[in-house]
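Participant: Numbering-wise, numbering that gives the first Met the number 0 puts 77 at position 78 of the sequence shown, and it's gapless, one number per residue.
The C-beta atom is built at its ideal place from N, Cα and C for all residues, glycine as well.
Mind looking over this structure? Questions follow.
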Amino acid sequence: MALPLTPAQQKTVDALVRSGALRAVRPDEKKARAFLAGAESALADVPNVTRTENRYNLAYKAAHDVGEAVLAGYGYKTTYGAGGHVKVGRFLAAIFDTPPPRDAAAHYDVMRLDRNANNYLGKPVTHAAADAAAEAAQTLYDAAVKRLRD
């Protein structure tokens, strides 16, 4: 069972629903657990991956899985159409509104932009960026486990 949202968090999430970025659904603990397991698996492999770009992509996948887990745990889904990963990031920022996960949630958007620059523009990923992505993903995972399992 997910920890209750604070009034400020709920207000932000409600605004995301009103804007059309999210829609309310029944909370799905099974789906949340599955996405957390996916994030945990990805994070376990990050240190073993030797290529920087692949480490980065795996860390991003873990962070995105955390976002999907938290969405499911609280009973929300992104709406159909473009910008799904942006919407996940906005939800992460709404839920993780205090440090250190607040900073990791903000970094999710940086990760998304960097991943897109790599995937669509051929911009290389640096070792420092991969390290920062792995750290942000781990912070988000740890915070999500606390919110969804306590």
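1. Given ALA92, which residues of its chain have a CB within under 6 Å of its CB, disregarding the five upstream and five downstream residues?
2. Does the pairing of the stretch 37-46 with the stretch 56-67 give three or more beta-carbon distances under 8 Å?
3. Tell whether a beta-carbon distance below 8 Å holds between ILE94 and GLN9.
4. Relative to the alpha-carbon of SER150, which residue among TYR140, THR138, ARG89 and ASN115 has its alpha-carbon at the smallest distance?
5. Short of 8 Å in beta carbon distance, which residues of its chain neighbour LYS122, apart from the five on each side in sequence? Order them along the chain.
6. Straight-line CA distance for ALA132 to MET110?
7. Helix, strand or coil for ARG22, going by three-state DSSP, please let me know.
8. Can you tell me whether THR77 is helix, strand or coil according to DSSP?
9. Pick helix, strand or coil for ASP96, following the three-state DSSP scheme.
10. Report the residue from GLY83, VAL69, ALA127 and ASN56 whose alpha carbon sits nearest the alpha carbon of GLU28.
11. Whole angstroms is fine: what's the gap from THR51's alpha carbon to HIS126's?
12. Quick check on DSSP: helix, strand or coil for PRO6?
13. Output the distance between the C-alpha atoms of LEU57 and ALA1, rounded to the nearest integer angstrom.
14. Would you identify the three-state DSSP class for GLY72, choosing helix, strand or coil?
15. What residue from PRO100, VAL12, GLN137 and ALA43 has the CA that sits closest to GLY74's CA?
Facilitator: According to the data block:
1. In the sequence shown, residue 92 corresponds to position 93, counting from 1. Scanning its chain for C-beta atoms nearer than 6 Å, with the 5 sequence neighbours on each side dropped, one finds around ALA92 the residues ALA104, in chain order.
2. Counting Cβ pairs under 8 Å, three or more are found: they touch.
3. Against the sequence shown, residue 94 aligns to sequence position 95. Against the sequence shown, residue 9 aligns to sequence position 10. No, these two residues do not count as a Cβ contact at 8 Å.
4. An answer regarding residue 150 cannot be provided, because it is not within the stretch 0 to 149 covered by the chain.
5. On the sequence shown, position 123 is the one that residue 122 refers to. Taken in chain order, the residues that qualify are ASP113 and ALA116.
6. Position 133 of the sequence shown, counted from the first residue, corresponds to residue 132. Position 111 of the sequence shown, counted from the first residue, corresponds to residue 110. Distance between the alpha carbons of ALA132 and MET110 is about 6 Å.
7. By one-based count along the sequence shown, residue 22 stands at place 23. Judged by DSSP in its simplified three-state form, ARG22 adopts strand.
8. The count along the sequence shown starts at 1 and reaches residue 77 at position 78. In this structure, THR77 counts as strand in the three-state DSSP scheme.
9. For the purposes of this step, residue 96 is taken as the residue at position 97 of the sequence shown. Three-state DSSP puts ASP96 in coil, outside helix and strand.
10. By one-based count along the sequence shown, residue 28 stands at place 29. Answer by Cα proximity: VAL69.
11. What you label residue 51 is simply residue 52 of the sequence shown in a count that begins at 1. What you label residue 126 is simply residue 127 of the sequence shown in a count that begins at 1. Computed Cα separation, rounded: 6 Å.
12. The residue labelled residue 6 in the question sits at position 7 within the sequence shown. Reduced to three states, the DSSP call for PRO6 is helix.
13. Position 58 of the sequence shown, counted from the start, is the residue given in the question as residue 57. Position 2 of the sequence shown, counted from the start, is the residue given in the question as residue 1. Distance between the alpha carbons of LEU57 and ALA1: 26 Å.
14. The residue given as residue 72 occupies position 73 in the sequence shown. The answer is helix: DSSP assigns GLY72 an H, G or I state.
15. The residue labelled residue 74 in the question sits at position 75 within the sequence shown. It is VAL12 whose Cα lies nearest to the Cα of GLY74.
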